[in-house]
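Asker: Numbering (mature numbering (1 follows the signal peptide of the UniProt record, and there is no 0)), first residue to last: -23 to -1, 1 to 168. Think of the CB as a built atom: it goes at the ideal place given N, C-alpha and C, for glycine as much as any other residue. Have a look at this one.
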């Protein structure tokens, strides 16, 4: 009988401590309501159109090379070179056109055989209903192709849970300075 009492007391003590530990632990995983996250609305498709000004020359560049390997300058594609950018996004192709946002991110020469960049960037909007919201874009940008497509992998603000793609078309490229004007069409699903 004493053996059973000890066993019962030990089991109750263990159960008590397990209950205490689990009741005070924060939840690692929950199932929030769609309404609480603002996802109870109808999903919509938006098309955004703007111009990306990548300026690597002059006294105020918007893109700068931040890393290179010893062999990057010998490579015809600058393989291994990495640039950081904070490029203006405008309504029209003129640099003086209305600013709608900034493209902020990194691109690197990712191919040894062709001009292809690995791009990761946030399109941070400063105008209209998208002011304060951003889209996260990731993908391969083979700059010599007429139209390039990259994935929208997420977003913030109005663009939470965003998905879609962007199409980039180079309108102007100065081979001497490296400056470029790129037209962007963005197709994004969001709530």
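(1) In the DSSP assignment, find the unbroken beta strand (DSSP E) run with residue 48 in it and report its ends.
(2) Flag this pair as touching only if the region 151 to 161 and the region 30 to 38 have three or more C-beta atom pairs under 8 angstroms; answer yes or no.
(3) Determine the closest residue to residue 39 out of 27, 68, 54 and 60, with distance taken between C-alpha atoms.
(4) Which term fits residue 101, buried or exposed, when burial requires 16 or more other beta carbons within 10 angstroms of its beta carbon?
(5) What separation, rounded to the nearest whole angstrom, lies between the Cα atoms of residue 62 and residue 24?
(6) Return the residue from the list 82, 143 and 52 that minimises the CA-CA distance to residue 90.
(7) Starting from residue 15, trace the beta strand (DSSP E) both ways and give me its first and last residue.
(8) Tell me whether residue 69 is buried or exposed, calling it buried when 16 or more other Cβ atoms sit within 10 Å of its Cβ.
(9) Exposed or buried, residue 11, counting other C-beta atoms within 10 Å across all chains shown (16 or more means buried)?
(10) Using the rule of at least 16 other Cβ atoms within 10 Å of the residue's Cβ for burial, across every protein chain shown, is residue 16 buried or exposed?
(11) Whether or not the region 42 to 57 and the region 130 to 149 are in contact is what I'm after, with contact meaning three or more pairs of Cβ atoms, one per stretch, closer than 8 angstroms; do they touch?
(12) Count the other CB atoms within 10 Å of the CB of residue -14; is the residue buried (16 or more) or exposed (fewer)?
(13) Exposed or buried, what is residue 167 when buried is set at 16 or more other beta-carbons lying within 10 Å of its beta-carbon?
(14) Take residue 86 and list the residues in its own chain whose beta-carbon comes closer than 7 angstroms to its own, dropping the five residues that flank it on each side.
(15) Quick one: Cα of residue 44 to Cα of residue 96, how far?
(16) Just the C-alpha distance for residue 41 and residue 79, rounded to the nearest angstrom, thanks.
(17) Between the Cα of residue 164 and those of 141, 77 and -11, spot the shortest distance and give me the residue it belongs to.
Answerer: If we stick to the structure as given:
(1) No beta strand (DSSP E) contains residue 48, which DSSP labels as neither H nor E.
(2) yes
(3) 60
(4) buried
(5) 24 angstroms
(6) 52
(7) Element bounds for residue 15: n/a, residue is neither H nor E.
(8) exposed
(9) exposed
(10) exposed
(11) no
(12) exposed
(13) buried
(14) 54, 55, 56, 57, 58 and 94
(15) 15 angstroms
(16) 15 angstroms
(17) 141
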